[in-house]
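Inspection log for the structure reproduced underneath, given as C-alpha cells.
Numbering (UniProt numbering), first residue to last: 1 to 217.
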C-alpha cells in the first residue's frame, strides 16, 4: 500500500504542510497569512449559479486542446502527460465551480528546474524559494507512479477539508488539494524528473493560492 510517510518500495510520498505546521513528508507551498506577502491576490467575483460544472468541464477540454507541443511545453512532459494533469486539475476545479487552469510554459520551465534540482539532491524533498508560484510535490516508485497518481493523491485530501476559510486550525493535510482548486489560480505548469528508482513530480501554480483568511473557492 502507498505510504505518505516515507519512500518505501512501490510507495509514494508527498512533502510539506502549512508553514506553522510542517511535518511528515507532504509538500505544498506553505499556507501563508495575508500580511506576510505582497502578492496577495484579490478575490474574484464568485461564479454565477448558471456557471455549472458541465460548462466548466467543456471549457477545460477546449483549454488543453490548444496546449503546446512538448517542445514548447516548458518541461519534459509528453503531450499526454500535460493533458492528463490539466484534465485532473480541471475536473477537481469543475466539481467545486471554479474556472479551469491553462498550461503555462514559463511556469512549467520553473517546475522542471526544481524537479531536476531535487533529483540531483538525492531526492531530498523540499520547496523552491523565491519563485512566487504555488507548488505541489510528489515522489513515488518509478514504473508504478506517474503524473496522474500525483494529481489524484493531492485531490484525495479533499475528504479532510471541511469547507470555509483557511486558518491555522483547519489547514493541516489539505494544502495540495486547496492549491489545486484555488479560486483565482489560472495557470499550471508541471514537470517530472527521476532520482534512482523514484520519479518526482512538481506542479507550480500562478497566481499562488493557499492564504489564511481566504476560502479556496
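Ideal Cβ positions, reconstructed from N, Cα and C, are used throughout, including at glycine.
Leaving out five residues on either side along the sequence, give the residues of the same chain with a beta carbon under 6 Å from the beta carbon of residue 216.
Translated into the one-based positions of the chain shown, residue 216 becomes position 216. Here the set comprises 178, 181, 182.
For residue 143, collect the residues of the same chain with a Cβ closer than 7 Å to its Cβ; drop the 5 residues on either side in sequence, then sort them by chain order.
For the purposes of this step, residue 143 is taken as residue 143 along the chain shown, with counting starting at 1. The answer is none, since no qualifying residue turns up.
Closer than 7 Å by C-beta to residue 198: which residues in its own chain qualify, once you throw out the five before and the five after it? Chain order, please.
Counting from one through the chain shown, the residue named residue 198 turns up at place 198. 7, 123, 139, 140, 141, 142, listed in sequence order.
Among 134, 176, 213, the one whose alpha carbon lies nearest that of residue 167:
In the chain shown, counting from the first residue as 1, residue 167 sits at position 167. Here the closest residue by C-alpha is 213.
So does the segment 99–114 actually touch the segment 124–139, counting three or more Cβ pairs closer than 8 Å?
yes
On the DSSP bridge assignment, give the partners of residue 103 in chain order.
Reading the chain shown from its first residue, position 103 is the one you call residue 103. Its beta-bridge partners are 188.
Kindly list the residues whose CB is nearer than 8 Å to the CB of residue 44, restricted to its own chain and excluding five residues on each side of it in sequence; keep chain order.
Within the chain shown, numbered from 1, the residue matching residue 44 stands at position 44. Unreliable positioning characterises residue 44 in this predicted model, as indicated by a pLDDT of 37, which lies under 50. A coordinate reading is not provided.
Can you give the Cα-Cα distance for residue 165 and residue 171, rounded to whole angstroms?
Walking along the chain shown from the start, residue 165 turns up at place 165. Walking along the chain shown from the start, residue 171 turns up at place 171. Distance between the alpha carbons of residue 165 and residue 171 is about 9 Å.
Best match in 75, 175, 145, 89 for proximity to residue 106 [C-alpha to C-alpha]
The residue labelled residue 106 in the question sits at position 106 within the chain shown. Minimum Cα distance to residue 106 is reached at 75.
Boundaries (first-last residue) of the beta strand (DSSP E) holding residue 165
On the chain shown, residue 165 is found 165 positions in, with the first residue counted as 1. Unbroken run through residue 165: none, as it is neither H nor E.
Nearest-angstrom beta carbon gap, residue 206 and residue 73 [assumed within contact, 8 Å]
As a working note, residue 73 is residue 73 in the chain shown. As a working note, residue 206 is residue 206 in the chain shown. Their Cβ separation, rounded to whole angstroms, is 15 Å, which puts residue 73 and residue 206 out of contact at 8 Å.
Can you tell me which residues form a DSSP beta bridge with residue 145?
In the chain shown, the residue the question calls residue 145 occupies position 145. For residue 145, which the question treats as bridged, DSSP gives the partners 142.
Confirm, please, whether the CB-CB distance from residue 173 to residue 157 is below 8 Å.
One-based indexing of the chain shown puts residue 157 at position 157. One-based indexing of the chain shown puts residue 173 at position 173. Yes. Within cutoff.
Enumerate in chain order the residues of its own chain whose CB-to-CB distance from residue 160 is below 6 Å, with the five nearest sequence positions on each side excluded.
Locating residue 160 in the chain shown gives position 160, counting from the first residue. Closer than 6 Å at the Cβ level, and outside the excluded window around residue 160, lie 173, 174.
Between which two residues does the alpha helix (DSSP H) containing residue 90 stretch?
Here residue 90 corresponds to residue number 90 of the chain shown, with the count starting at 1. Residues 79–94.
Counting along the chain, where does the beta strand (DSSP E) carrying residue 217 start and finish?
The residue labelled residue 217 in the question sits at position 217 within the chain shown. Neither: residue 217 is in no beta strand (DSSP E) and is coded neither H nor E.
Output yes or no for whether 8 Å exceeds the beta carbon distance between residue 85 and residue 188.
Here residue 85 refers to the residue found at position 85 of the chain shown. Here residue 188 refers to the residue found at position 188 of the chain shown. Yes.
Return the CA-CA distance between residue 98 and residue 195, expressed in angstroms with no decimal places.
The sequence position of residue 98 within the chain shown is 98, counting from 1. The sequence position of residue 195 within the chain shown is 195, counting from 1. C-alpha separation (whole angstroms): 35 Å.
Run of the alpha helix (DSSP H) containing residue 205, from where it starts to where it stops
Start at 1 with the first residue of the chain shown, and residue 205 comes out as number 205. Segment 198–206 is the beta strand (DSSP E) holding residue 205; no alpha helix (DSSP H) there.
From the DSSP output, in three-state form, read off residue 40 for me.
Along the chain shown, read from residue 1 onward, the residue named residue 40 stands at position 40. Bear in mind that a pLDDT of 30 at residue 40, under 50, signals an unreliable position, so the model cannot answer this.
Counterpart residues of residue 135 in DSSP-defined beta bridges
For the purposes of this step, residue 135 is taken as the residue at position 135 of the chain shown. Looking at the DSSP assignment, residue 135 forms a beta bridge with 204.
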